[in-house]
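Chains as they are written, first to last, in the working numbering: chain A, -16 to 756; chain B, 31 to 193.
Take a look at the structure set out below.
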């Protein structure tokens, strides 16, 4: 292979290093109107009165919109008004919109709106939410419209329950000699995409609704605008240019609805809704929190016999994607192990926190923190090396998953090989604790990971290839360039298939839902599989057309025609041939007459055999394959101060096949960095009113340059047979085990179980102090 | 009724990327908004409008400045350099070669903070690099690629100009 696997320079490189890359908020026209939000200062309150009289008189104000007369929205359960009506259920919830000529006028007017609230008791954790003594946040839960795959329990704060019932629970406990049980909890946090969310909308005279949005899901915006507001779906056109980081946070549809509502209020004029950083953290959906109980049983020799888990997800005030997250947390409710007997209840709880959207890893890093920490407890109790325990129980071809999918070597990667590579990279024989001096020890922690996707069973992806007169080709795909470099990988695939110079493969970075074939959503580490397969089909379709045309021109059967170096020729006599550029726009004979025209290649792919889960047992096939990996963290820990420095972070991932070495490493390193920040420092701090106390980068601190560890990335290559060149998904996987590995590492170093996140020195100090009392 | 915001405007001239611009501004307009909305130089990005993230970094009189923290009116009589003023510089080439960007949103700011550092010190210590570059946030990469980029430029610096 010429181009697959190479560190091909990204197709978006030069526009991104010159400032020419255009993002949603860069499209500003002079006639645009600006929208500012009024947001709730409380986590839970009745809205007693909204006084807009002062705001209405501010110069430049074109409209003020408050709640009422708006449809309920939500992807799985329609439980949320885009603008709050009568009641607010989270800090940051939108209460009113102001549309004005300039941002300053809109902001001034928004600040002049006086809202009187009556604060209500707050649900500040999923454990409180399940307690009947606490308020019911959605008394109308039974009346909400919903999809059939979600199971809310009206009269409670449960928005969804997913049950996993595999094997025989009784038997599992009977066969267990050693049992451990651990509890875990962490609060919601944020994605911190550097580009805050932003949407523009315009409603034209011919009823076209034109939206631009920084989104991972423009095709879902198109559907939802149509569903919620009764707009004919073909009249909704969504544009998405380059997106400035997403991490799942831009897979939810929220600001687009506000932009539509605002535009409608000003006779369809073009409006822009941009989040401030504070609004991006508070108002827009966040990273989900979790309270978990994990109970494991195994034999004396360490063979896992049973796993019993209760996951209470902090879905926040509204269901939207949180119910789906709780389902994904059930699908892979254990670590990557062969366990015959599994019981899990995964509940999405309503709380008075910002509601959740997907977050890189889609419920997996969260579950794995709880599960892999419990595995370390088990290894400690057994006196078996933690990696050995995992190796002994590693999931293998022939085993089945919690949702009872029978695995083979294509559908699951090689975990034992990942573990043995990790041992080498971490110098495991040396031991997990190494004394550096009287105050400092070096500690090593590990975790094993797996993930499949849980996207819609019929989610599809299309690719169109068009050719240019010089023989070069354009790749048009609905995949969003959110930073992962997937469109460069698609170009590599097309280059390989058509045996063309990569520089002659051009990529359309922007997506327009009217002219770009649909890619369901750019989520779940599935773009390379789905769009990659569509690209292969499109290339083959184009190739067949080129060969058919060549067959006429060269007067030879199609089967005798071969290609290479942007030319088709007769296999038996390569001298007889014709370059692409004389075919891809049709062939012109010397007398001027022509045959054929611009070649258009078409490809589409939908993952086959994906099913819904059985509501009683969870049985079903959620995704096409499981990527597995083994990860480790090494820290230098100060035994007196309880502070630590993360020195090294290691990932060994079974990638199936690496299509672009540099972008693959970049994905793994970036994900490790994000996972360490989630595990080590990032969380929302709530007060008794459910207010987030740290919605700024001064108080919510992502990793900065120099705070990062040394990264080590290693790939194992067990091909997924139906994927492009065998490549498995890997965009999320570097993150998955980081919180767990860091937790295991620090629990070992500190000598106490650390079962909360983030793992800040204060948590260790509290644990140490508590253990001394 | 106070119909604030005030509309008192000032006409100012700014030198940006060695070209002169005449613009009407409010005294409260920040440099970032003027660059983006009045001049159309959208390479500088709003990330927090609080000086925390560095996505809006530009170079003013050879010093890196977060343009969300500077009023446009303060930029009179200064030389402003934005990402659009850099053409095929070693640091830009290094970012491309080392894959030091993913989504690209923080990239203009990171390139300019690197460029400003190199303008001030063509052989900075790792500690100094850390001090300067920790002013900006990149959420996509793990920073290793950015470190490799600036180091590669420093290593080559004896043989070439950084402009």
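A virtual CB, placed ideally from N, CA and C, is assigned to each residue, including glycine.
Along chain B, in chain order, which residues have C-beta atoms closer than 7 Å to that of residue i?
i: residue 685 of chain A; result: 167 and 169
i: residue 173 of chain A; result: Near residue 173 of chain A there are no residues of chain B at all, since even the closest Cβ is about 10 Å away, more than 7 Å.
i: residue 4 of chain A; result: 134
i: residue 694 of chain A; result: 172 and 174
i: residue 9 of chain A; result: 72
Short check: CB of residue i to CB of residue j, under 8 Å?
i: residue 707 of chain A; j: residue 414 of chain A; result: no
i: residue 529 of chain A; j: residue 447 of chain A; result: no
i: residue 133 of chain A; j: residue 59 of chain A; result: yes
i: residue 1 of chain B; j: residue 81 of chain B; result: No statement about residue 1 of chain B is possible, as the shown extent of chain B runs from 31 to 193 and does not include it.
i: residue 621 of chain A; j: residue 422 of chain A; result: yes
i: residue 271 of chain A; j: residue 297 of chain A; result: yes
i: residue 268 of chain A; j: residue 232 of chain A; result: yes
i: residue 4 of chain A; j: residue 134 of chain B; result: yes
i: residue 107 of chain A; j: residue 276 of chain A; result: no
i: residue 695 of chain A; j: residue 408 of chain A; result: yes
i: residue 62 of chain A; j: residue 121 of chain A; result: yes
i: residue 143 of chain A; j: residue 331 of chain A; result: yes
i: residue 73 of chain B; j: residue 108 of chain B; result: no
i: residue 658 of chain A; j: residue 722 of chain A; result: yes
Name the chain B residues that come within less than 8 Å of residue i, Cβ to Cβ?
i: residue 465 of chain A; result: 133
i: residue 691 of chain A; result: 172, 173 and 174
i: residue 656 of chain A; result: 171, 172 and 173
Taking the alpha helix (DSSP H) that residue i belongs to, which residues open and close that run?
i: residue 169 of chain A; result: That residue, residue 169 of chain A, is in no alpha helix (DSSP H); its beta strand (DSSP E) goes 161 to 169.
i: residue 149 of chain A; result: No alpha helix (DSSP H) contains residue 149 of chain A, which is instead part of the beta strand (DSSP E) from 141 to 149.
i: residue 185 of chain B; result: 174 to 186
i: residue 292 of chain A; result: Unbroken run through residue 292 of chain A is the beta strand (DSSP E), 287 to 299; no alpha helix (DSSP H).
i: residue 243 of chain A; result: 238 to 248
i: residue 405 of chain A; result: 398 to 408
i: residue 757 of chain A; result: An answer regarding residue 757 of chain A cannot be provided, because it is not within the stretch -16 to 756 covered by chain A.
i: residue 264 of chain A; result: 260 to 265
i: residue 471 of chain A; result: 469 to 481
Starting from the beta carbon of residue i, find every residue of chain A whose beta carbon is closer than 8 Å, and list them in chain order.
i: residue 80 of chain B; result: 260, 679, 680 and 681
i: residue 41 of chain B; result: Here the premise fails: no neighbours, minimum Cβ distance about 18 Å.
Against residue i, what residues of chain B qualify as contacts under a CB-to-CB distance less than 9 Å, listed in chain order?
i: residue 492 of chain A; result: Here the premise fails: no neighbours, minimum Cβ distance about 10 Å.
i: residue 652 of chain A; result: 171, 172, 173, 174 and 175
i: residue 688 of chain A; result: 140, 159, 160, 162, 163, 164, 165, 166, 167, 168, 173, 176 and 177
On the DSSP letters alone, give me the boundaries of the beta strand (DSSP E) that residue i sits inside.
i: residue 17 of chain A; result: 16 to 22
i: residue 320 of chain A; result: First-last for residue 320 of chain A: undefined, no H or E at that position.
i: residue 415 of chain A; result: Where residue 415 of chain A is concerned, there is no enclosing beta strand (DSSP E), given that its DSSP letter is neither H nor E.
i: residue 630 of chain A; result: 627 to 637
i: residue 425 of chain A; result: 423 to 434
i: residue 273 of chain A; result: 272 to 281
i: residue 102 of chain A; result: 97 to 102
Please compile the residues from chain A whose C-beta is within a distance smaller than 7 Å of the C-beta of residue i.
i: residue 136 of chain B; result: 177
i: residue 146 of chain B; result: By Cβ distance, chain A contributes nothing, its closest Cβ being about 14 Å from residue 146 of chain B, past 7 Å.
Interface residues of chain A around residue i at Cβ under 9 Å?
i: residue 129 of chain B; result: -10, -8, -7, -4, 468, 645, 646, 648 and 649
Please list, in chain order, the chain D residues whose beta carbon lies closer than 7 Å to that of residue i.
i: residue 83 of chain B; result: No chain D is part of this structure, whose protein chains are labelled A and B.
Looking only at DSSP bridge pairs, what is residue i linked to?
i: residue 331 of chain A; result: A/143 and A/296
i: residue 587 of chain A; result: A/445
i: residue 63 of chain A; result: A/56
i: residue 567 of chain A; result: A/569
- [ ] Would you check if the segment 732 to 745 of chain A and the segment 15 to 28 of chain A touch, i.e. whether three or more CB-CB distances between them fall below 8 Å?
- [x] No, they do not touch.
Requested in this report: Flag this pair as touching only if the segment 160 to 175 of chain B and the segment 198 to 210 of chain A have three or more C-beta atom pairs under 8 Å; answer yes or no.
Outcome: No: the two stretches stay apart, fewer than three of their Cβ pairs being nearer than 8 Å.
At least 3 beta-carbon pairs within less than 8 Å: the segment 672 to 685 of chain A vs the segment 256 to 268 of chain A: The way I'd put it, the segment 672 to 685 of chain A does touch the segment 256 to 268 of chain A; three or more beta-carbon pairs between them come closer than 8 Å.
(Q) Check whether the segment 353 to 366 of chain A and the segment 192 to 199 of chain A are in contact - that is, three or more C-beta pairs closer than 8 Å. (A) Judged by Cβ distances under 8 Å, the segment 353 to 366 of chain A makes no contact with the segment 192 to 199 of chain A, as fewer than three pairs qualify.
If we count Cβ pairs, one from each stretch, closer than 8 Å, do we get three or more for the segment 105 to 118 of chain A versus the segment 345 to 359 of chain A?
Taking a contact to require three or more Cβ pairs closer than 8 Å, the segment 105 to 118 of chain A and the segment 345 to 359 of chain A do not qualify as touching.
Stretch-stretch touch, CB-based, cutoff 8 Å, three pairs: the segment 490 to 509 of chain A with the segment 544 to 564 of chain A
Per the Cβ contact rule, the segment 490 to 509 of chain A is not in contact with the segment 544 to 564 of chain A (fewer than 3 Cβ pairs under 8 Å).
Would you be able to state if there are at least three C-beta pairs under 8 Å between the segment 158 to 176 of chain A and the segment 633 to 640 of chain A?
-> The count of Cβ pairs closer than 8 Å, one atom from the segment 633 to 640 of chain A and one from the segment 158 to 176 of chain A, stays below three, leaving the stretches out of contact.
With three or more C-beta pairs closer than 8 Å as the rule, is the segment 65 to 79 of chain B touching the segment 148 to 158 of chain B?
Look at the beta carbons and you see the segment 148 to 158 of chain B not touching the segment 65 to 79 of chain B: under three pairs across the two are nearer than 8 Å.
* Asked: Just checking, does the segment 103 to 110 of chain B make contact with the segment 243 to 258 of chain A on the three C-beta pairs under 8 Å criterion?
  -> As far as the Cβ criterion goes, the segment 103 to 110 of chain B does not touch the segment 243 to 258 of chain A, which means the pair count is below three.
Stretch-stretch touch, CB-based, cutoff 8 Å, three pairs: the segment 313 to 328 of chain A with the segment 372 to 386 of chain A
Short answer: they touch.
inquiry  = Taking contact to mean 3 or more Cβ pairs, one atom from each stretch, closer than 8 Å, check whether the segment 659 to 671 of chain A and the segment 635 to 649 of chain A are in contact.
reply    = Cβ pair count under 8 Å is below three, so no.
Checklist line | Contact between the segment 124 to 132 of chain A and the segment 77 to 85 of chain A (3+ Cβ pairs under 8 Å) | finding: Inter-segment contact for the segment 124 to 132 of chain A and the segment 77 to 85 of chain A is absent: fewer than three beta-carbon pairs are separated by less than 8 Å.
Inset, instruction - Inspect the CB distances between the segment 95 to 107 of chain A and the segment 23 to 39 of chain A and report whether three or more fall short of 8 Å. - result: Between the segment 95 to 107 of chain A and the segment 23 to 39 of chain A, the count of C-beta pairs closer than 8 Å reaches three or more; the two stretches touch.
contact_flag[the segment 479 to 491 of chain A, the segment 644 to 660 of chain A] where n(CB pairs < 8 Å) is 3 or more | No, the segment 479 to 491 of chain A does not touch the segment 644 to 660 of chain A.
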